[in-house]
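*Asks:*
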Ligand code: NAD
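Residue numbers (the numbering used here): 26 to 404.
Here it is as structure tokens:
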């Protein structure tokens with residue numbers, strides 16, 4: 026099996042889908058690995074390291090794409106100047122592309138792949154069963170985003186996070202509110218706590234209350250008509266009237282906060298609107314919001330993907346792809362997730378997509394794009 030690791034094209038993307046460590050592993054398993062020159066440059070992994078691990082460094086043109094049985098990517102299929110168009114057009118029949126392919130936003134590229142008789146495995150759709158935990162890239166990358174969100178907030182805030190008692194007087198700890206206590210949210214809570222802030226957390230899955238409290242944060246109780254727990258431990262979409270009630274309860278907490286970090290998501294649905302413009306207008310000037318859900322439409326009404334918006338003195342940070350801002354650890358973890366998938370599907374010298382995990386991740390099937398791609402709750 027020939028594996029190809031291209032350099033990512035998305036602006037600001039500094040991660041790479043294989044590291045010398047994972048290349049060594051794939052080579053040992055009998056795969057031939059081609060790495061585009063400079064693929065790891067964004068995370069300080071140079072060609073020499075890949076070569077020493079057993080990879081062949083290649084130019085990354087159409088012939089390299091066409092030679093591969095398995096293409097390992099970070100981001101979605103992109104326009105690539107070296108293949109003179111979409112990367113999907115350079116993939117050969119029977120080959121498989123693996124990556125965080127954003128299937129809900131990539132209809133054209135996936136259709137092109139399907140048309141060529143190639144397949145795609147979306148890392149977003151790794152099922153949450155214990156056998157697949159090592160492949161769970163959403164978790165490895167969300168944890169980084171949660172951590173970085175707190176650092177961005179701390180870097181923008183004109184105040185300390187910790188309680189300090191100094192000769193000149195006492196500094197009160199910053200008040201942080203975290204919305205959504207999934208993988209990103211819990212890492213944000215842990216990071217904010219380590220910096221000494223007081224932290225309050227809202228989630229609609231009552232099961233997370235204990236985890237939040239074990240990190241030294243307070244859980245904001247909501248009058249839940251029923252549990253917000255959906256399939257597989259994920260949240261389900263709540264009703265409009267519940268959302269309004271939740272906004273009322275959170276409004277006072279948000280008005281008093283120095284930092285609000287929002288991470289609330291429901292798989293396959295737009296992010297729930299938790300922070301309205303009116304709620305922002307009641308916050309104090311100097312407060313900071315980091316909206317991690319911005320790529321799914323945002324938890325805050327005012328956030329704009331890729332931008333910092335300042336409204337009545339409140340900074341709303343909508344930076345996308347935060348995991349890519351910590352590219353060394355993000356790549357190290359992501360590459361391991363992807364290598365697990367590669368080992369799963371490239372067994373005995375051939376590609377085999379029959380495993381239940383691979384089938385769950387498959388977004389093109391029999392020459393067609395799966396219509397439920399990107400909606401794990403519908404599977
Ligand atoms: P996610 O990124 O899908 O969502 C983030 C959080 O937002 C969730 O906790 C969700 O409940 C919350 N949310 C949704 N709507 C909300 C609202 N209106 N208000 C407040 N919060 C809201 O979550 P995730 O990081 O993927 O984690 C989801 C669950 O899956 C967690 O319990 C996590 O521990 C679990 N998980 C399991 C595995 C596994 O079994 N292998 C792997 C990773 C995560």
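For every residue, glycine included, the Cβ atom is placed at its ideal position computed from N, Cα and C.
A quick note: this is a predicted structure, and the numbers were derived from the prediction, not measured.
Taking only runs that begin and end inside the segment 324-358, name each unbroken beta strand (DSSP E) of 3 or more residues, in chain order.
*Replies:* 333-336, 339-342
*Asks:* In the DSSP assignment, the alpha helix (DSSP H) including residue 274 goes from what residue to what residue?
*Replies:* Run containing residue 274: 265-281, per the alpha helix (DSSP H) assignment.
*Asks:* How is the alpha helix (DSSP H) around residue 88 delimited, first residue to last?
*Replies:* 87-92
*Asks:* Would you say the beta carbon of residue 246 comes nearer than 8 Å to a heavy atom of ligand 1?
*Replies:* no
*Asks:* What I want to know is whether the C-beta of residue 299 ends up closer than 8 Å to one or more non-hydrogen atoms of ligand 1.
*Replies:* Residue 299 has its Cβ nearer than 8 Å to a heavy atom of ligand 1.
*Asks:* Does the beta-carbon distance from residue 41 to residue 65 come in below 9 Å?
*Replies:* yes
*Asks:* Taking the beta strand (DSSP E) that residue 81 falls in, what are its first and last residues?
*Replies:* Following the DSSP letters along the chain, one finds residue 81 inside the beta strand (DSSP E) bounded by residues 81-83.
*Asks:* In this structure, does DSSP put residue 404 in helix, strand or coil?
*Replies:* Any reading at residue 404 must be qualified, since the residue scores a pLDDT of 31, below 50, and its modelled position is unreliable; the value itself is stated next. Of the three classes helix, strand and coil, the one that applies to residue 404 here is coil, per DSSP.
*Asks:* Mind reading off the beta-carbon distance from residue 115 to residue 91? Whole number of angstroms is fine, and I expect it under 8 Å.
*Replies:* The C-beta separation of residue 115 from residue 91 comes to about 6 Å, placing the pair in contact by the 8 Å criterion.
*Asks:* What does the Cβ neighbour count give for residue 329, buried or exposed, with the cut at 16 atoms within 10 Å?
*Replies:* exposed
*Asks:* Relative to the alpha-carbon of residue 337, which residue among 280, 122, 212 has its alpha-carbon at the smallest distance?
*Replies:* 280
*Asks:* If you draw a straight line from the C-alpha of residue 35 to the C-alpha of residue 362, how long is it?
*Replies:* 20 Å
*Asks:* Considering only the alpha carbon of each residue, which of 303, 340, 345 lies closest to residue 318?
*Replies:* 345
*Asks:* Where does the unbroken alpha helix (DSSP H) through residue 72 begin, and where does it stop?
*Replies:* 72-77
*Asks:* Can you grab the Cα-Cα spacing for the pair residue 395 / residue 178, in whole Å?
*Replies:* Residue 395 and residue 178 have their C-alpha atoms roughly 39 Å apart.
*Asks:* So, using beta-carbon positions, are residue 288 and residue 199 closer together than 9 Å?
*Replies:* No, Cβ-Cβ distance for residue 288 and residue 199 is not below 9 Å.
*Asks:* Please return the same chain residues whose Cβ sits closer than 7 Å to the Cβ of residue 103, not counting the five positions on each side in sequence.
*Replies:* 34, 35, 112
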